[in-house]
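> So for the sequence shown, the working numbering puts the first residue at 40; every next one is plus one. All C-beta atoms in this analysis are idealised placements derived from N, C-alpha and C, irrespective of residue type, glycine included. What you are looking at is a predicted structure, and each value in this text was computed from that prediction instead of being measured.
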Amino acid sequence: MTWNYSGARAIVSGGAGFIGSHLCEALIKLESEVVCVDNYLTGRAANLNALAGHKRFRILEHDITSPFVSDGNAIFNLASPASPVWYQRDPVQTMRVNILGSLNLLELARHNKARILQASTSEVYGDPAIHPQHESYWGNVNPIGVRACYNEGKRGAETLFFDYWRMHRVAIKVARIFNTYGPRMLPDDGRVVSTFIVQALRGEPITLFSDGGQTRSFAFVTDVVDALLRLQATSIDVTGPINIGNPDEVSMRELADRILALTGSRSKMTFLPLPPDDPRQRQPDIARATSTLGWVPATRLDDGLRQTIDYFRSVFAA
40 MTWNYSGARA
50 IVSGGAGFIG
60 SHLCEALIKL
70 ESEVVCVDNY
80 LTGRAANLNA
90 LAGHKRFRIL
100 EHDITSPFVS
110 DGNAIFNLAS
120 PASPVWYQRD
130 PVQTMRVNIL
140 GSLNLLELAR
150 HNKARILQAS
160 TSEVYGDPAI
170 HPQHESYWGN
180 VNPIGVRACY
190 NEGKRGAETL
200 FFDYWRMHRV
210 AIKVARIFNT
220 YGPRMLPDDG
230 RVVSTFIVQA
240 LRGEPITLFS
250 DGGQTRSFAF
260 VTDVVDALLR
270 LQATSIDVTG
280 PINIGNPDEV
290 SMRELADRIL
300 ALTGSRSKMT
310 FLPLPPDDPR
320 QRQPDIARAT
330 STLGWVPATR
340 LDDGLRQTID
350 YFRSVFAA
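1. Would residue 203 and residue 343 qualify as a contact pair, given that the criterion is a beta-carbon distance under 8 Å?
2. So, for residue 291: in the same chain, excluding its five sequence neighbours on each side, which residues have a beta-carbon less than 6 Å away from its beta-carbon?
3. Contact between the region 272–286 and the region 223–230 is defined here as three or more beta-carbon pairs at a separation below 8 Å; is this criterion met?
4. Over what stretch of residues does the beta strand (DSSP E) that includes residue 211 continue unbroken?
5. Drop a sphere of 10 angstroms on the beta-carbon of residue 307, count the other beta-carbons inside from all chains shown, and report buried for 16 or more, exposed for fewer.
6. Looking at C-alpha atoms only, which residue of 72, 335, 276, 237 is the closest neighbour of residue 353?
7. In the DSSP output, which residue or residues are listed as bridge partners for residue 100?
8. Where residue 362 and residue 193 are concerned, what is the direct C-alpha to C-alpha distance, given to the nearest angstrom?
9. Is residue 276 buried or exposed, if buried means 16 or more other CB atoms sit within 10 Å of its CB?
10. Relative to the C-alpha of residue 355, which residue among 46, 240, 120, 311 is closest?
11. Flag this pair as yes or no: are the beta carbons of residue 77 and residue 111 separated by less than 8 Å?
12. Considering only the alpha carbon of each residue, which of 56, 63, 58, 57 lies closest to residue 44?
13. Consult DSSP for residue 230 and reduce its assignment to one of helix, strand or coil.
14. When you compare each of 351, 89, 345, 289 to residue 227 by their alpha carbons, which one comes out closest?
15. Between 160, 90, 249, 81, which lies nearest to residue 70 when the distance is taken from Cα to Cα?
16. Around the C-beta of residue 100, are 16 or more other C-beta atoms found within 10 angstroms, so that it is buried, or is it exposed?
17. For the region 144–218, list the alpha helix (DSSP H) runs that are entirely contained and at least 4 residues long, ordered along the chain.
18. In this structure, how does DSSP classify residue 298 when only helix, strand and coil are distinguished?
19. Do residue 157 and residue 213 have their C-beta atoms closer together than 8 Å?
20. Does DSSP put residue 323 in a helix, a strand or coil?
21. In the DSSP assignment, what are the bridge partners of residue 115?
22. Let me check understanding here. Comparing Cα to Cα, which of 109, 186, 134 lies closest to residue 195?
23. Could you please give the first and the last residue of the uninterrupted beta strand (DSSP E) stretch that includes residue 60?
24. Could you tell me whether the Cβ atoms of residue 161 and residue 114 are closer together than 8 Å?
25. Taking all protein chains shown into account, decide if residue 256 is buried (16 or more other Cβ within 10 angstroms of its Cβ) or exposed.
26. For residue 39, which residues from the same chain have a beta carbon less than 6 Å from its beta carbon, with the 5 sequence-adjacent residues on both sides left out?
27. Counting along the chain, where does the alpha helix (DSSP H) carrying residue 351 start and finish?
28. By Cβ distance, which residues of its chain are closer than 7 Å to residue 171, with the 5 residues on each side in sequence left out?
29. Just grab the DSSP bridge partners of residue 289 for me.
30. With 16 other CB atoms within 10 Å as the buried threshold, where does residue 141 fall?
Take a look at the structure:
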């Protein structure tokens with residue numbers, strides 16, 4: 040890393056969320072001062088319990104679609120609903136947070152002369168016609184589909200980031216995050232890992248779409264946070280976009296089988312029609328992350344699933 044987190048002043052929008060809360064904890068361990076900005080739409084105060092009362096941590100309850108002022112020289116933008124269930128509940132607000140929210144944070148970065156990282160997504164590739172997906176691929180997105188509020192919102196945010204880099208020399212970083220899983224996922228967020236685990240633990244049918252042959256690549260949350268920290272700390276000329284994900288591709292049927300085995304559940308599988316615009320396959324090419332950041336995911340899928348299953352067991356036992 041070319042930039043030192045010790046003594047840095049970090050702003051984390053979406054800091055009470057699934058990935059954001061893990062990032063806040065990691066920054067505190069690196070001796071940064073952290074301001075967590077969240078409106079608690081999908082974030083949870085309980086995710087930040089481990090940081091409560093810490094002298095270098097504070098929470099600002101705020102919706103980033105409105106401008107705000109905060110001292111900080113490193114900004115991480117993770118604010119947005121990130122699962123189809125949540126971003127489709129209010130697609131207009133999803134677009135607002137990705138476009139207006141990004142614009143407000145970029146203005147803050149410009150004012151503070153801060154570096155700023157955008158948590159973009161593999162959804163910018165849509166239903167990809169190229170496999171695996173490399174950062175040079177422009178994607179295959181339905182701009183008027185039910186997922187477009189998120190896909191196009193993130194694509195628009197990337198456009199703003201690179202325009203601020205070209206026009207104002209704001210020190211931007213863009214990470215395209217692929218499917219992430221781990222403790223603190225919401226039980227009802229609709230993501231496949233949490234959905235399968237919750238169904239298995241409750242003995243409910245495991246819901247697969249089509250024949251379950253669609254593929255995804257799953258990265259454990261701490262590996263993703265490690266990559267984000269490495270990217271933010273790179274020299275100013277490293278802008279991205281950089282894919283962050285685990286290149287080990289698995290089918291939804293295989294994922295269901297693994298979760299059933301790890302939970303010991305006797306849930307049966309049920310098959311439903313494929314939702315509109317649901318990608319058939321998703322796998323990151325992480326050559327750029329490996330060469331630029333020296334990063335590869337460290338957590339095996341079964342090991343990460345065990346930790347996630349243990350988390351949900353503790354939630355249901357509470």
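Working from what's here:
1. For the 8 Å CB-CB criterion, residue 203 and residue 343 do not form a contact.
2. Result list for residue 291: 247, 251, 253, in chain order.
3. no
4. 210–216
5. exposed
6. Nearest of 72, 335, 276, 237 to residue 353, Cα basis: 237.
7. Residue 100 is bridged to 77.
8. Outside the shown range of the chain, which is 40 to 357, sits residue 362, and nothing can be said about it.
9. Exposed.
10. 240
11. no
12. 63
13. coil
14. It is 351.
15. 90
16. Exposed, by the Cβ-count rule.
17. 187–207
18. helix
19. yes
20. Strand, per DSSP.
21. DSSP lists 51, 156 as partners of residue 115.
22. 134
23. Unbroken run through residue 60 is the alpha helix (DSSP H), 57–68; no beta strand (DSSP E).
24. no
25. Around the beta carbon of residue 256, a 10 Å sphere encloses 16 or more other beta carbons of the protein chains shown; the residue is thus reported as buried.
26. It is not possible to answer for residue 39, since the shown part of the chain is limited to 40 through 357.
27. 340–356
28. Here the set comprises 286, 322, 323, 324.
29. 255
30. buried
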